[in-house]
Structures are given as structure tokens and as C-alpha cells.
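Encoded as C-alpha cells, the structure appears first; notes follow it.
Numbering (the UniProt record's numbering), first residue to last: 1 to 438.
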């Protein structure tokens, strides 16, 4: 039995919007009824439909603190019949169906209308769903995305690295009071205001697919929303993305002090759970800012009691190894692997390789393969953040492109006064210096 005493609601959380199908209940066998207006026929089909244990009690408790809405891909008859059958004691402040909006998910319309009816700002709304379209629609709406994993969540949804992974209904109450405990590891430490984040969960394993190679898992600590037009609304309100974006500036990257406890937590977890004996980084190319090497130094300094070797120079790039960011996807892996070498024997070692931001994963995969070839018995990859790029979205906002070279434009700021402007993303690779006002 769940406790019923009042909870200290976090100011970030002011409402929940729930997807219905395969989130609030496993309804796959009812798909043919989604468009029904026949309430009696639908009612007969519900005889064996039950919610997850404890879910009704959790929803009841949530309603004593914040309003709830249901966003349903079905008729109002379908929505009201299922919700009444499943949760007869739960009050829904708003129920929005596909009949109420012009566009279905992954467009954000259904969530935006629900938030309007709840009278809650989008940034303070938590969307709970099981499908990648739920996660994408929540991102477009500027809401918090929580992946429901107590049913069989859509595998593609994990790639969006949502704000929270909910493995049982009681996790909703945890998020209500302490969203830091459900956030990706590094983001949780940036958000928390007390020592609660010392009990953070493990990094998030995300599947990465490099063209021509089998998919592999990378353990990620957070997200990076690029400062391009498609994800700019997310970049500008996301603390980790804004911190990571500083690496694009010409001066050396400053490792934020707030990263120290998260880096220590990763080292502790890697040693205790993965039994690694060495932690290294994807190396900096000659002549570039040794950003990851400094991050590893901070991790080592923050983890004096962790029994691993921190080796920032185990891997190295040859002089003249080109940047791969502007290369076709199929050319990236062979190019980076050809320029990458291991500086010491790794026979019998168990190695964790840390990257900063992973997009396609070619560089990290090359590092893992080189270490295996050097004798490592186990290798793992981790990244501070996974890029959540506009190319992942099915709903495509306008892309701003450079009229001189065709590359995307990204939002930059002047060093002199901080004023924003659009600049060509290729300026570091091809020397295109096109700019236009923001």
C-alpha cells in the first residue's frame, strides 16, 4: 500500500499528460476499436483489460498534487470508455482525442491542447508515453518527455534519451518530487539542489549504428540538442547543451565544476559494475584543444578512491588525420580508424572509452576496435551526451542553409558582446565564413 501523506512537489512539475494505448494499459488487441462510436461493443471487449498493478493508486495520489490529462489516439468514446473501465476513481482534468486536433503525433498538437486545457506552461508538463512519436511530440511541444517502460516500450523511443525512464508506476511519484533522480546521469547532477543525486541510477545504454557495422551499445550520461534551427528551441533551454556548445569556441573548453560528481559516479559505476581497470578517452587530434583529456583529469581528481587507471594517452591520432564531420557517413569509420593507434599493450585489460558527444559513433567504434586488436578482453564505450538532432524527427521544421556552400546554419554568438547570429556550420572545415543576422 502506497503512503498517502502530502509530497513535496518539485517546481518543475505542474502537470502530467498520459498517452493511453500501451502506456496506461496494454491495449494492442483493441486497435480495431480506436475509431469506434459504439460504446457498448467496446465495453464488451474490455472484460480482461486491467491496468498495471498500483497504477490506479499512483494516479489517484498524483491528482491530489497536480492535474492529469489523457491524450488519446482514438475517439472520445474510446478514450472515456477505457479510462472509466481502467481507473474509475481517477479524475482527469482534460481528455484530448484525435477528434480534437488536426494533426496526430508526432506533431505536438494533442499535447499542446491538453496543456492549454490544464492551464499549465509547456515547460512544466510531463508527457508519459511508450512510443517514439510520444517522445518526439513532447520535444516539439517543449515539454518533459518520460518513457513508460513498465510495458514493452518502443525500442526507437530509447534513442531520444527522454527526460525520464519510468520502470514502474511508483517512479511517477519519484519524478513528481525529485526529477533529478530520473534524469540522465549528468543532467540529474546539473538539476539537483541537494545530495539526493548521489543515489543516481546507472548510465543509459543507447543503440548506435555505424554504416557497414553491427549496432552496438553506448552508455550515455545526457543529451545534446544542437544549435541548429530544428532543435534550437530545445538547445536554448537545455543546460547541458549550452555547456557542451562552449567547445565550439576558440578558447580552451572549461570543464564545469558541476560535472565532477557525475564523472565520479561514472568512474565508481564502471569499476563496480563493469569491472573496468582502465578508463581512457577518445584522443584529441594533434593541434586541437585537449578537451576530453582535461575531462578525464577531472574525473581522476574527483575519484581518488576508485581502483582504476586513468590513462588519457592510451589512444592517439596520427598527425594529419582529417576531421570526419564533413565526410559522407560511409567514409567516416575507415578514415578515423586509419589514423588511430594504441600506444601500449592492452592484453588482459578491461577498458572504458569516454567520448564527449556521440552522433553516429564512428570514432568511438574505431577506438573500441583498436583496443580489442591490442589485446583488451573487454571494452565499453560511454559518452557525455548523445546528439538529439533534427534528422531524427519525423516532423521537419525549416532548415536554414548557407547560400554559399549549402551547409546548415547554426546559431553562434559574438565574442565581443554575446549577440547571436547565424553562421555557416562548415566554417571550421571549409573556411566558409557566411553569416546573417539572427
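All C-beta atoms in this analysis are idealised placements derived from N, C-alpha and C, irrespective of residue type, glycine included.
- In the DSSP assignment, residue 366 falls outside any beta strand (DSSP E) and lies within the alpha helix (DSSP H) extending over 362-373.
- When the alpha-carbon of residue 133 is set against those of 394, 388, 83, the nearest one is in 394.
- Close CB contacts of residue 295 within its chain, under the 8 Å cut and outside five residues either way in sequence, are with 255, 259, 263, 281, 354, 356, 384 (chain order).
- Note on geometry: alpha-carbon atoms of residue 279 and residue 311 lie some 6 Å from one another.
- In this structure residue 288 is exposed. Its beta-carbon is surrounded by fewer than 16 other beta-carbon atoms within 10 angstroms.
- The Cβ atoms of residue 130 and residue 23 sit closer than 9 Å to each other.
- Excluding sequence positions up to five before and after residue 52, its CB lies within less than 7 Å of the CB of 150, 169, all in the same chain and listed in chain order.
- Going by DSSP, residue 237 is part of no beta strand (DSSP E) at all; its letter is neither H nor E.
- Residue burial is scored here from C-beta neighbours: residue 410 has at least 16 other C-beta atoms within 10 angstroms and is therefore classed as buried.
- For residue 261, the enclosing alpha helix (DSSP H) stretches over residues 260-273.
- In the three-state reduction of the DSSP assignment, residue 178 falls in the coil class.
- Residue 317 carries a strand assignment under DSSP once its states are collapsed to helix, strand and coil.
- Leaving aside the five residues that flank residue 113 on each side, the residues in its chain whose CB is nearer than 7 Å to its CB run, in chain order, 96, 100, 101.
- Taking the Cα positions, residue 171 is about 39 Å away from residue 290.
- Between residue 117 and residue 138, the gap from beta carbon to beta carbon reaches 9 Å or more.
- DSSP places residue 224 in the strand class (E or B) of the three-state scheme.
- Assigned with DSSP and collapsed to three states, residue 327 falls in coil, not helix or strand.
- In the DSSP assignment, residue 280 is bridged to 353.
- With respect to the C-alpha of residue 31, the residue from 79, 61, 9 having the closest C-alpha is 79.
- In this structure, the CA atom of residue 317 is about 14 Å from the CA atom of residue 292.
- Boundaries of the alpha helix (DSSP H) around residue 111: 109-118.
- Per DSSP, the continuous beta strand (DSSP E) segment holding residue 208 begins and ends at 204-208.
- The beta carbons of residue 382 and residue 184 sit no closer together than 9 Å.
- From the listed residues 330, 376, 433, the smallest Cα separation to residue 351 is found for 376.
- Take the alpha-carbon of residue 153 and the one of residue 434: they are about 43 Å apart.
- Short of 8 Å from the beta carbon of residue 403, and not among the five residues preceding or following it, lie these beta carbons of its own chain, in chain order: 434.
- DSSP lists no beta-bridge partner residue for residue 67.
- Straight through space, the alpha carbons of residue 48 and residue 26 are spaced by roughly 11 Å.
- Annotation: the continuous alpha helix (DSSP H) that includes residue 191 extends over 185-191.
- Taking a C-beta distance under 9 Å as the contact criterion, residue 147 and residue 157 qualify as a contact pair.
- Counted as a single uninterrupted DSSP element, the alpha helix (DSSP H) harbouring residue 292 occupies residues 291-302.
- A direct Cα-Cα distance of roughly 12 Å separates residue 247 from residue 240.
- Nearest C-alpha to residue 378 among 271, 348, 422: 348.
- Looking from the CA of residue 109, the closest CA among 86, 88, 73, 208 belongs to 73.
- Residue nearest to residue 285 within the set 217, 324, 268 is 324 (criterion: CA-CA distance).
- Where residue 19 is concerned, the enclosing beta strand (DSSP E) starts and stops at 15-19.
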